[in-house]
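Chemist:
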Amino acid sequence: MHVASDTNQWPNHTAAKRERITLDRLLSSGSAIGSLSPPAHYGPHPDQIYEVIGDPGHPIVLLLHGGFFRPRIDRTHLRPLACALSRHGWRVVLAEYRRIPSCPLVSVEDLRCLELHLRSIGLGPSRVIGHSAGGMLALLRTLSPTFDSLPPVEVVALAAVSDAVRAATDLLGCGAIQAWIGGEPQERPLMYAKIDPAQLVCSGRRVAARTFLVHGRYDCTVPYEYSESLLRMTQRSALYSDTAPNNHCCFLIVEGNHFDLVDPYRVEVMKLICGV
Numbered sequence: 003m004h005v006a007s008d009t010n011q012w013p014n015h016t017a018a019k020r021e022r023i024t025l026d027r028l029l030s031s032g033s034a035i036g037s038l039s040p041p042a043h044y045g046p047h048p049d050q051i052y053e054v055i056g057d058p059g060h061p062i063v064l065l066l067h068g069g070f071f072r073p074r075i076d077r078t079h080l081r082p083l084a085c086a087l088s089r090h091g092w093r094v095v096l097a098e099y100r101r102i103p104s105c106p107l108v109s110v111e112d113l114r115c116l117e118l119h120l121r122s123i124g125l126g127p128s129r130v131i132g133h134s135a136g137g138m139l140a141l142l143r144t145l146s147p148t149f150d151s152l153p154p155v156e157v158v159a160l161a162a163v164s165d166a167v168r169a170a171t172d173l174l175g176c177g178a179i180q181a182w183i184g185g186e187p188q189e190r191p192l193m194y195a196k197i198d199p200a201q202l203v204c205s206g207r208r209v210a211a212r213t214f215l216v217h218g219r220y221d222c223t224v225p226y227e228y229s230e231s232l233l234r235m236t237q238r239s240a241l242y243s244d245t246a247p248n249n250h251c252c253f254l255i256v257e258g259n260h261f262d263l264v265d266p267y268r269v270e271v272m273k274l275i276c277g278v
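Counting in our numbering, the sequence shown runs from 3 upward without gaps.
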C-alpha cells in the first residue's frame, strides 16, 4: 500500500541529512518534554523502567524505541510521539530496556518481563509499536516462542530491522547488529536464529495477531526493502492461517525517511499509525 504525502521526493544523498535534522528535533523536543510520568520500574536494572501518558480508559499501546541497541541511545526521541498518540486516544507505555553488547537475549527478556509486569497491574497492551531496533523487538513479540504464553497483540513495526543476517551483511549501523549479538552470523548462528524475525518466519513461526510493516521509501538507515522482503517471506512460508483470519501481515510504504515514521508533525504518518 502506498501512502500519499505532500513531501517532495529527494535524492538519496540528502536523505541522511534530513534524517539527522529530524532526529535532532525529536531529541530536543523529547528532552524539553522530560519524563512523561515518574519512571516506574519492572526490574532492578536502571534501564528496566517505563513512563506512562494518556487517559486510564483508553486502550494501551506499548512503544519501543530504536537506536540499534546501543546503550547510549534511549527513549527520549520517542516522547513527542508518545504525547501525540495519547492525544489520539491511546494510553502509552514508553519503555526502556537493557541494551548490552553481546547479550541480545536480555533485551528480549526485558520485553517479556515488562509485559508480564504491565498485565499484573492492569496495563496490558493491546498493541505494540516499535521503531527500527524497537521494531525488531515488536516483531519478536509476535513471532518468538518466548512470548507464546502471553496473549496475542497487534504489532506495528516501523522501519524495523527485520532481517538480522541481512543487517549484519549490509553493515547497518556500522556493524551495530554484530555488536549487539556478539559476532557475525557464521560465528553465532544459533543466536541469530533465535532473535532474527526473518529466520523465525522461514522456520514456520506464525504471527500471533495482525502485523503491520511500515517503512519510509527514502529510509537510508534501514532500507524499505527489509520490510518488503519480510512480507514476501511470510507469503512464501504460508504464514496466513485459514483458521485465524486476523493473523496476517501487511506492508505499508510512506513517502519519508527513517525518522519521519516517529515524527508527530507528519500528519499523514500519525493518521496511518493510529488508523491501522
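Yeah, the Cβ is synthetic: ideal placement off N, Cα and C, and Gly gets one too.
Cβ of Leu64 within 7 Å of Cβ of Val95?
Modeler: Result yes, Cβ atoms of Leu64 and Val95 sit closer than 7 Å.
Chemist: How long is the line joining the alpha carbons of Ala211 and Arg22, rounded to whole angstroms?
Modeler: Their Cα atoms are separated by approximately 33 Å.
Chemist: What distance in whole Å lies between the Cβ atoms of His90 and Cys276, which are believed to be in contact at a cut-off of 8 Å?
Modeler: About 5 Å; that satisfies the 8 Å criterion.
Chemist: Please state whether the Cβ-Cβ distance between Val1 and Pro127 is less than 7 Å.
Modeler: Outside the shown range of the chain (3 to 278) lies residue 1, about which nothing can therefore be said.
Chemist: Tell me whether Ala17 is buried or exposed, calling it buried when 16 or more other Cβ atoms sit within 10 Å of its Cβ.
Modeler: Classification for Ala17: buried.
Chemist: Starting from Val54 and walking both ways along the alpha helix (DSSP H), at which residues does that stretch end?
Modeler: Not the alpha helix (DSSP H): Val54 falls in the beta strand (DSSP E), residues 51–55.
Chemist: If you follow the alpha helix (DSSP H) that Val157 is part of, which residue opens it and which one closes it?
Modeler: Not the alpha helix (DSSP H): Val157 falls in the beta strand (DSSP E), residues 156–160.
Chemist: If you follow the beta strand (DSSP E) that Ser93 is in, where does it begin and where does it stop?
Modeler: Correcting the residue identity first, residue 93 is Arg in this sequence and not Ser. Looking at the DSSP string, the run of the beta strand (DSSP E) that includes Arg93 is 93–97.
Chemist: Where Gly137 and Thr213 are concerned, what is the direct C-alpha to C-alpha distance, given to the nearest angstrom?
Modeler: Looking at the two C-alpha atoms, the distance is approximately 11 Å.
Chemist: For Ile255, name the three-state secondary structure that DSSP assigns.
Modeler: In this structure, Ile255 counts as strand in the three-state DSSP scheme.
Chemist: Excluding the five sequence neighbours on either side, which residues of its own chain have a C-beta within less than 6 Å of the C-beta of Leu120, listed in chain order?
Modeler: Cβ neighbours of Leu120 beyond the five flanking positions: Gly126.
Chemist: What does a CB cutoff of less than 8 Å around Phe146 pick up in its chain, not counting 5 residues either side in sequence?
Modeler: Per the sequence presented here, residue 146 reads as Ser, with Phe not at that position. The answer, listed in chain order, is Val110, Lys196, Ile197, Leu202, Arg207.
Chemist: Within 10 angstroms of the Cβ of Leu173, are there 16 or more other Cβ atoms? Answer buried if so, exposed if not.
Modeler: When all chains shown are included, Leu173 counts as exposed.
Chemist: What's the gap between the Cα of Ile131 and the Cα of Leu192?
Modeler: Going by the C-alpha atoms only, they are around 27 Å apart.
Chemist: Where does Ala34 land, buried or exposed, given buried means 16+ other C-beta within 10 angstroms?
Modeler: Counting Cβ neighbours within 10 Å, Ala34 comes out exposed, since fewer than 16 surround it.
Chemist: Look at the Cβ atom of Val209, then the Cβ atom of Thr144, and state whether they are nearer than 7 Å.
Modeler: Closer than 7 Å, so yes.
Chemist: Suppose the cutoff is 7 Å on Cβ atoms and the five residues either side in sequence are ignored; what does the same chain contact list for Ala170 look like?
Modeler: Ile179, Gln180, Glu186, Pro187, listed in sequence order.
Chemist: Work out the CA separation of Leu142 and Pro46 for me, nearest whole Å.
Modeler: One C-alpha to the other measures close to 23 Å.
Chemist: Could you check what DSSP says for Ala223 in three-state terms: helix, strand or coil?
Modeler: Note on identity: in this sequence residue 223 is Thr, with Ala being the wrong assignment. In this structure, Thr223 counts as coil in the three-state DSSP scheme.
Chemist: Quick one: is Glu227 buried, meaning 16 or more other Cβ sit within 10 Å of its Cβ, or exposed?
Modeler: Result: exposed.
Chemist: List the DSSP bridge partners of Gly32.
Modeler: Answer is none; Gly32 lacks a bridge partner.
Chemist: Would you list the residues sitting across from Phe214 in a DSSP beta bridge?
Modeler: Paired residues: Val158, Cys252.
Chemist: Where does Tyr60 sit, in a helix, a strand or coil, going by DSSP?
Modeler: Here residue 60 is His; the residue named in the question, Tyr, does not match the sequence. Coil at His60, not helix or strand.
Chemist: Excluding sequence positions up to five away, which residues of its chain have a Cβ less than 8 Å from the Cβ of Gly190?
Modeler: Note on residue identity: the sequence assigns Arg, not Gly, to residue 190. Answer for Arg190: Ile183, Gly184, listed in chain order.
Chemist: Quick check: the Cα distance between Asp221 and Leu215, rounded to an integer number of angstroms?
Modeler: Cα to Cα, Asp221 sits roughly 14 Å from Leu215.
Chemist: Measuring alpha carbon to alpha carbon, tell me which residue in Leu28, Gly68, Ser37 is nearest Gly175.
Modeler: Among Leu28, Gly68, Ser37, the Cα nearest to that of Gly175 belongs to Gly68.
Chemist: Give the range of the alpha helix (DSSP H) segment to which Arg129 is assigned.
Modeler: Segment 129–133 is the beta strand (DSSP E) holding Arg129; no alpha helix (DSSP H) there.
Chemist: If you run the structure through DSSP and keep just helix, strand and coil, what is His43?
Modeler: Correct three-state label for His43: strand.
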